[in-house]
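In the working numbering, the protein residues as written are 140 to 576.
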Ligand SMILES: Nc1ncnc2c1ncn2[C@@H]1O[C@H](COP(=O)(O)OP(=O)(O)OP(=O)(O)O)[C@@H](O)[C@H]1O
Ligand SMILES: [Mg+2]
């Protein structure tokens, strides 16, 4: 069921419960109120009558004297003598007097509702003055009349309730519509993301939480688009990177098969093929490593280790390259610095960065350790401005570059170790890589 229908249904159910409860309470109260009201009115009438009778006829003894007067009043009344338990006068048919007497309604002066057969009457009794005379005027009104008023009132109430309910439902429809419309618009935008039509995404009009959700959706879309773009670039670069050695191998292999090379060229060709195959192997291994780092499949076994020890290992392994290139490495140590990392993995990351530095340096590389920060810088030509934002992406390389995977691997490892790597210009003139844990 649609959200709007659900909300409207819930609201209608709530409204129905409230109106029914209110209606029930009012309906049952109204009769009591009408009875009280009627009693008060009867009492007033009765008192007036008693007063008139007292004034005009003085004595209560001779009923006949004022019976004509009572007749004129067109009321349902009894004149009752309490002392004698006798009804002296009545305007209702005789069987009523007998019926009420049989049920002792005259004697019991507490009873407000008199019943005869299925008919009920509201009663009010007024004592004549002086009380010792024991004379009482009893006035009755049929309850039916009151029930008619009650029903009439109920009909009106029902009418008001229905009008009110319709207005409330319209309002509810309007409000839920206002609430749901941004959601369905957002759904439209999400559909566009699903179909990867990122350029067609438009902001929607919303407020509050829905606006926040929409904002998150836009952010997600931007991130997704960026991710897809890098994936695309990655595949382009990767296929290009794999194609080049393969084409070299194919060229030499075909040449050898077709016997177009003389012996020395053939020898050189085979040599080239071996080199290229090795290069392919390296690229593929690095890609597999990156994929593993990405999917956190690679096991990460951190341990506490002195940073100096790590750097020393890097220096040991780069000794042949340094000597070959005639590059000197200066190491500013911080003997207390310790790291909690996977030693083997971090060594690989540090080596990637240091080998780059040595390769691009003129004659000097500087490695400094300071607490949880390692910097590796050189006096080479540095990294061009436009390359800096992409330097850690896969297969991104500058001039004199090789595969362009070294820094991507370094960053993946460092991030897995809870650190980050940044690149700037070095005071020495070349690039400066800062690794922070
Ligand atoms: N210290 C540096 N000075 C100047 N340029 C650098 C430096 N370090 C890296 N670069 C540039 O960044 C590019 C990417 O480096 P990265 O290590 O990712 O790849 P690579 O060295 O080309 O290949 P490999 O995957 O074998 O390491 C390099 O091609 C190089 O142009
Ligand atoms: Mg490298």
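All residues carry an ideal CB built from backbone N, CA and C; glycine is no exception.
The DSSP-derived three-state label of residue 366 is helix. A distance criterion of 7 Å places the beta-carbon of residue 380 beyond contact range of ligand 2, judged by its closest non-hydrogen atom. Per DSSP, reduced to three states, the secondary structure at residue 275 is strand.
Secondary structure note for residue 243: it is in no alpha helix (DSSP H), with a DSSP letter that is neither H nor E.
In the same chain as residue 415, and ignoring 5 residues on each side of it, the C-beta atoms closer than 7 Å to its own belong to 384, 387 and 388, in chain order. For residue 563, there is no enclosing alpha helix (DSSP H); the enclosing beta strand (DSSP E) covers residues 559-564. The DSSP-derived three-state label of residue 266 is strand. The closest heavy atom of ligand 2 lies 7 Å or more from the beta carbon of residue 428.
Our two residues, residue 474 and residue 513, have alpha carbons roughly 13 Å apart in a direct line. One Cα belongs to residue 370, the other to residue 531, and the distance between them is close to 14 Å. Residue pairing by DSSP puts residue 506 in a beta bridge opposite 470 and 515.
The beta carbons of residue 216 and residue 230 sit about 5 Å from each other, so the pair counts as a contact at 8 Å. Here DSSP, grouped into helix, strand and coil, assigns residue 166 to helix. In the structure shown, the three-state DSSP call for residue 281 is strand.
About 10 Å separates the Cβ atoms of residue 423 and residue 542, ruling out a contact at the 8 Å cut-off.
Remark: C-beta atoms of residue 526 and residue 537 approach each other more closely than 8 Å. In this model, residue 246 and residue 183 are separated by some 22 Å (Cα to Cα). The three-state reading of DSSP puts residue 574 in strand, counting E and B together. Residue 517 counts as buried, since at least 16 other C-beta atoms from the protein chains shown sit within 10 angstroms of its C-beta. For residue 225, the enclosing beta strand (DSSP E) has its first and last residue at 225-229.
Straight through space, the alpha carbons of residue 238 and residue 232 are spaced by roughly 10 Å. Residue 481 counts as buried, since no fewer than 16 other beta carbons sit within 10 angstroms of its beta carbon.
The criterion of a C-beta distance shorter than 8 Å is not satisfied by residue 429 and residue 452. By the neighbour-count definition (other C-beta atoms within 10 Å, threshold 16), residue 504 is a buried residue.
The set of residues whose C-beta lies within less than 5 Å of a heavy atom of ligand 2 reads, in chain order, 495 and 545.
Exclusion of the five residues before and after residue 322 leaves 142 and 349 as the residues of its chain whose Cβ lies within less than 8 Å of its Cβ. With a 10 Å radius around the Cβ and a threshold of 16 neighbouring Cβ atoms, residue 275 comes out buried. Remark: C-beta atoms of residue 340 and residue 354 do not approach each other more closely than 8 Å. The Cβ atoms of residue 497 and residue 466 lie closer than 8 Å to each other. In the same chain as residue 447, and ignoring 5 residues on each side of it, the C-beta atoms closer than 8 Å to its own belong to 472, 473, 474, 476 and 508, in chain order. Residue 544 carries a coil assignment under DSSP once its states are collapsed to helix, strand and coil. Closest option to residue 558, judged by alpha-carbon separation, among 572, 146 and 564: 572. Shown here, residue 535 sits in coil according to DSSP, grouped into three states, outside any helix or strand. The Cβ atoms of residue 412 and residue 445 lie no closer than 8 Å to each other. Beta-bridge pairing by DSSP links residue 252 to 261. In this structure, the CA atom of residue 293 is about 30 Å from the CA atom of residue 249.
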